[in-house]
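This is the structure:
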């Protein structure tokens, strides 16, 4: 990944930004993305894959990854994006291995994979239900890095909104846990 992309992600202190690969591996992120979503540095590299996390990850019954409002749409989009990667890289073991793992471990993924969808609408606004600051409504923009088959994802809040204030608070508290000891 070019240093200029890493610099871009780190220079967006009021936006949660991260970079993903064609298979949705999280490759880089800024501090606010870690605070809003999860501290990716604390997650084993293999488990930083958003497709794996949405279909096989540790989430409570009835609650999706990061408490995001469009979790079903994201799951469909993730499956479509992985299908597109599989079409581009049919012999890549990391792609075929991930697909096989998801087919074996997730009936939901298997059903989406069987539908053969490749493209679909992209949600431009989503709501994260953060455990410390509550709902955070963000606009979602993606920048394609075509020559590297990567994307920069940027979440921004409307200026002056409660969500902007929530992101500002998250930028201060970061990934600290505020649990009260029992």
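Residue numbers (my numbering): 1328 to 1509. Ideal placement from N, C-alpha and C gives every residue a C-beta, glycine not left out.
**Report entry** Limits of the unbroken beta strand (DSSP E) element including residue 1351
**Finding:** Careful: residue 1351 lies outside any beta strand (DSSP E) and carries neither H nor E.
**Report entry** residue 1304 (DSSP reduced to helix, strand or coil)
**Finding:** Since the first residue of the chain shown is 1328 and the last is 1509, residue 1304 is not available in this structure.
Query raised in the report: For residue 1477, does the count of other Cβ atoms within 10 angstroms reach 16, so buried, or fall short, so exposed?
Result: Burial call: buried.
Query raised in the report: residue 1338: buried (16+ other C-beta within 10 angstroms of its C-beta) or exposed?
Result: Classification of residue 1338: exposed, given that the 10 Å Cβ count is below 16.
**Report entry** Assumed close pair residue 1282, residue 1464 - CB separation to whole angstroms, cut-off 8 Å
**Finding:** Since the first residue shown for the chain is 1328 and the last is 1509, residue 1282 is missing from the structure and cannot be characterised.
Query raised in the report: Would residue 1409 pass as a contact of residue 1469 if the rule is Cβ separation under 8 Å?
Result: No, they are not a contact pair.
Query raised in the report: Between which two residues does the beta strand (DSSP E) carrying residue 1461 extend?
Result: DSSP places residue 1461 inside the beta strand (DSSP E), whose first and last residues are 1461-1472.
Query raised in the report: So what does DSSP say about residue 1423, is it helix, strand or coil?
Result: Note: residue 1423 maps to helix in three-state DSSP.
Query raised in the report: Does DSSP classify residue 1456 as helix, strand or coil?
Result: Secondary structure at residue 1456: strand, using DSSP grouped into helix, strand and coil.
Query - Buried versus exposed, by CB contacts within 10 Å (16 or more), residue 1352 - result: Taking all protein chains shown into account, residue 1352 has 16 or more neighbouring C-beta atoms within 10 Å of its C-beta and is therefore buried.
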